[in-house]
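Enquirer:
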Amino acid sequence: MSASALFGTYARSNLTFDHGEGVWLVTNDGRRFLDCGSGIAVNSVGHSHPHVVSALQEQAGKLWHVSNLHQIPGQERLGQRLIEATFADKVFFSNSGAEAMEAAIKTARRYHYDQGHPERFHIITFEGAFHGRTIATIAAGGQAKYMEGFGPKAPGFDQVPAGDLEALKKVIGPQTAALAIEPVQGEGGIRTIDPEYLRALRKICDEEGILLIFDEIQTGVGRSGKLFAHEWSGISPDIMAIAKGIGGGFPMGACLATAEAAAGMVPGTHGTTFGGNPLAMAVGNAVLDVILADGFLEEVQQKALSFKQKLAALVDTHADVVSEVRGQGLLMGLKCVVPAGDVVAAARDAEILVVPAGDNVVRIIPPLTITEDEISEAVGRLEAALVSIEENNKSKGAAG
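Mapping the sequence shown onto this note's numbering, position 383 (from 1) lands on 392, and the numbers just tick up by one.
(1) What first and last residue would you give for the beta strand (DSSP E) that runs through M249?
(2) Going by DSSP, which residues form a beta bridge with H28?
(3) With DSSP as the reference, label K344 as helix, strand or coil.
(4) Once the 5 residues before and after H60 are set aside, which same chain residues still bring their CB inside 7 Å of it?
(5) Just the C-alpha distance for N52 and G257, rounded to the nearest angstrom, thanks.
(6) With a threshold of 8 Å on Cβ separation, who are the neighbours of L362 within its own chain once the five nearest residues in sequence on each side are excluded?
(7) Between Q194 and G137, is the Cβ-Cβ spacing less than 8 Å?
(8) Return the bridge partner residues of R335 from the DSSP annotation.
(9) Taking G160 as the reference, which of D173, A14, L174 and I144 has the closest Cα?
(10) Quick one, are the C-beta atoms of G342 and I379 less than 8 Å apart?
(11) In chain order, what residues of the same chain lie with their CB nearer than 6 Å to the CB of G336, ignoring the 5 residues before and after it?
(12) Going by DSSP, what residue range makes up the beta strand (DSSP E) through I114?
(13) Identify the residues that DSSP records as bridge partners of R372: which are they?
(14) Locate the alpha helix (DSSP H) running through A394, then write down its first and last residues.
(15) Which term fits F259, buried or exposed, when burial requires 16 or more other beta carbons within 10 angstroms of its beta carbon?
(16) Expressed to the nearest angstrom, what Euclidean distance is found between the alpha-carbon atoms of A272 and T278?
(17) Taking a contact to mean a Cβ-Cβ separation below 8 Å, would you say A186 touches I219 in this structure?
(18) Suppose the cutoff is 6 Å on Cβ atoms and the five residues either side in sequence are ignored; what does the same chain contact list for L87 look like?
(19) Quickly, what does DSSP pair K99 with across the bridge? List them, please.
(20) Can you check which of these residues, A50, H74 and A149, is closest to F166 by C-alpha distance?
(21) Would you call the CB atoms of P375 and V32 closer than 8 Å?
(22) With DSSP collapsed to three states, give me the class of H140.
(23) Which of the three DSSP states is assigned to A209 in this structure?
(24) Beta-carbon within less than 6 Å of T267's beta-carbon, same chain only, minus the 5 sequence neighbours each way: which residues are those?
(25) In whole angstroms, what separates the C-alpha of F316 from that of I384?
(26) Would you tell me roughly how many angstroms separate the C-alpha atoms of D303 and G182, rounded to the nearest one?
(27) What is the DSSP secondary structure of R232, reduced to helix, strand or coil?
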């Protein structure tokens, strides 16, 4: 077999999927996998959702791309709907989460520049964060493994431990433009930030005249049981980056901001060729149709509670493999005793897909449309995976 023509940046499984149906993915040879990874929290309304497919097909037959040199009605509609449903007054559409965070960083820095304080360009972030893989966003995330080999760290990012207010206060200075935080650290291991701490951050930002940025790329668009996870804390940011779930599988991101925070983003300060294209906007509007339907988010909350209770029972009965259930809504994690990669592989053998994360955690992030019966099926398959690991470990022990 010849070497792949692709960059070697992914350690891929040997699975190839042909099509998807709701929470199911079907391989080329007909095997059905229960998808509790959602393409890394992307397929918010499941695979091949008929309303979303119809919206995409209809738009594809009319217009794909015109660029942001012209009016795009779908942008205006989706932007208005996001404003009506959130704290924001303004929206900038991009292609990905990393681009949404880049827009958020630039918006915060430009705000202070326009206020006559160009020295205020530092963004404080929090240990365990993940904000993307561009040069700026790996610096924002601060994790050495993502920065190694790419030259000096981009300037203007300071990190403190999450939850440590005293450490935060010591870093804030005349150089500080904003704080940026994920309400739940996804890649960092499904670590939920205490709502009280988020409220304290809002208070500090107000007192210090700095901006609060929420990264809701993984936590947003219903994943937590509310449209955005920060709603559970009762406070709002000045700027927010979103992606993943809003596109339901189509590449799409957005930066939302208050009118004050976005005031400096005038023509020429930022742009994108593909961001907000008619195809993406048709999909985004269709996804919101589903997420904002009466009762949908309440159902997510109920299903999340049921799923977590069943996962907690797994922890009780398989404590030598998994030790803790984490998360909020349908953004859940199992803290592993054995290597998380072993659990991911065993789950794959049991025909259920889960996603590894930091802190030796396995993420369980199904489509928000998962049913109670499918939750029970998922837990059954996860239990089979855990049992297989236990039996394998016993075999190794006997052989040793």
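Ideal Cβ positions, reconstructed from N, Cα and C, are used throughout, including at glycine.
Here the structure is a predicted model, which means the values were calculated and not measured.
Expert: So, to answer that:
(1) I248 to I251
(2) V35
(3) strand
(4) A295, D298 and V299
(5) 5 Å
(6) L34, F42, L43, D44, C45, G46 and A356
(7) yes
(8) Residue pairing by DSSP places R335 opposite G342 in a beta bridge.
(9) I144
(10) no
(11) Once the five neighbours on either side are set aside, the close Cβ partners of G336 are I199 and G342.
(12) Not the beta strand (DSSP E): I114 falls in the alpha helix (DSSP H), residues G106 to D123.
(13) G342 and V364
(14) E381 to A408
(15) buried
(16) 11 Å
(17) yes
(18) M290, G293 and N294
(19) K99 pairs with A266.
(20) A149
(21) yes
(22) coil
(23) helix
(24) D98 and D247
(25) 6 Å
(26) 45 Å
(27) coil
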